[in-house]
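Participant: For reference, the structure I am asking about is given below.
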Amino acid sequence: MITRFLIILFVSMTGFLAAQPVTGLWKTIDHETGKARSIVEIYKEGTKVYGKIVKVLNKENPEALRCDDCPEPWAEKPIIGLQIIRGLEKDEDGWFADDAIIDPERNKVYDCRIWREGDILKVRGYIGWFYATQEWHAAK
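This is the structure in structure tokens:
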């Protein structure tokens, strides 16, 4: 009886964790310094997921920051409000799209996959077979 209860509990918790939404506010972390860099809002429009910078942390005059030397459609746009993730579609491993995330500091665009693990949003950028994964923390 207890075994049956534990199995049911485990199965129901697995479904709950798998269904965690990626939407919300996320704190980006600089992988070199470990310090928070910005707050990104992940949101859905229709069946796709997008992300925009809503706050820049630890910078003087963040309202004046622009995406200098970025390719279109990001060129010369303000960093605050900049849509850095665009058009991710749901698949079996999370959300994915080609050419869907920009790094405004490096002016580079990458294929992107995101998924959630508890209070961590995993954000992976790809160029071909090579990739790097960042962990963004739920903003409280």
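For the sequence shown, the residue numbers in mature numbering (1 follows the signal peptide of the UniProt record, and there is no 0) are -18 to -1, 1 to 122. Every residue, glycine too, gets a C-beta built ideally from N, C-alpha and C. Here the structure is a predicted model, which means the values were calculated and not measured.
To the nearest angstrom, how far is it from the Cα of Arg106 to the Cα of Arg48?
Facilitator: Here residue 106 refers to the residue found at position 124 of the sequence shown. Here residue 48 refers to the residue found at position 66 of the sequence shown. Arg106 and Arg48: Cα-Cα distance of roughly 24 Å.
Participant: When the Cα of Phe112 is compared with those of Lys37, Tyr92, Pro44, which residue comes out closest?
Facilitator: By one-based count along the sequence shown, residue 112 stands at place 130. Of the listed residues, the one whose Cα sits closest to Phe112 is Tyr92.
Participant: If you compare alpha carbons, which of Lys26, Gly76, Glu42 is closest to Gln65?
Facilitator: In the sequence shown, the residue the question calls residue 65 occupies position 83. For Gln65, the nearest C-alpha among the options comes from Lys26.
Participant: According to the neighbour-count rule (16 or more other Cβ atoms, all chains shown, within 10 Å of its Cβ), is Pro86 buried or exposed?
Facilitator: As a position in the sequence shown, residue 86 is number 104, starting the count at 1. So Pro86 ends up on the buried side.
Participant: Round the Cβ separation of Cys94 and Ala79 to the nearest angstrom and send it over; I've been treating them as touching at under 8 Å.
Facilitator: Within the sequence shown, residue 94 is the residue found at index 112, counting from 1. Within the sequence shown, residue 79 is the residue found at index 97, counting from 1. Taking the Cβ atoms as the reference, Cys94 lies roughly 6 Å from Ala79, within the contact range of under 8 Å.
Participant: If the criterion is Cβ atoms closer than 8 Å, does the pair Lys34 and Gly69 meet it?
Facilitator: By one-based count along the sequence shown, residue 34 stands at place 52. By one-based count along the sequence shown, residue 69 stands at place 87. Cβ distance not < 8 Å, so Lys34 and Gly69 don't count as in contact.
Participant: In angstroms, rounded to a whole number, what distance separates the CA positions of Lys72 and Thr29?
Facilitator: By 1-based counting over the sequence shown, the position of residue 72 is 90. By 1-based counting over the sequence shown, the position of residue 29 is 47. Using only the alpha carbons, I get a separation of about 8 Å.
Participant: Within 10 Å of its beta-carbon, does Leu103 have 16 or more other beta-carbons around it, so buried, or fewer, so exposed?
Facilitator: Walking along the sequence shown from the start, residue 103 turns up at place 121. Answer is buried; the Cβ neighbour count reaches 16.
Participant: Can you give me the start and stop residues for the beta strand (DSSP E) that residue 130 sits inside?
Facilitator: Lying before the first or after the last residue shown, residue 130 is absent from the chain, which here runs from -18 to 122.
Participant: DSSP three-state label for Ala46, please.
Facilitator: Working through the sequence shown from its first residue, we reach residue 46 at position 64. Helix at Ala46.
Participant: At which residues does the beta strand (DSSP E) containing Val4 begin and terminate?
Facilitator: As a position in the sequence shown, residue 4 is number 22, starting the count at 1. Counting along the chain, Val4 falls outside any beta strand (DSSP E), and DSSP gives it neither H nor E.
Participant: To the nearest angstrom, report how far apart Asp51 and Asp101 are at their CA atoms.
Facilitator: If you number the sequence shown from 1, residue 51 lands on position 69. If you number the sequence shown from 1, residue 101 lands on position 119. Near 33 Å, if we compare the C-alpha coordinates of Asp101 and Asp51.
Participant: Candidates Glu14, Ala18, Asp12: which alpha carbon is nearest Lys122's?
Facilitator: Numbered from 1 along the sequence shown, position 140 holds the residue referred to as residue 122. Nearest C-alpha to Lys122: Ala18.
Participant: Tell me whether His13 sits in a helix, a strand or coil according to DSSP, three-state version.
Facilitator: The residue you call residue 13 lines up with position 31 of the sequence shown. Of the three classes helix, strand and coil, the one that applies to His13 here is coil, per DSSP.
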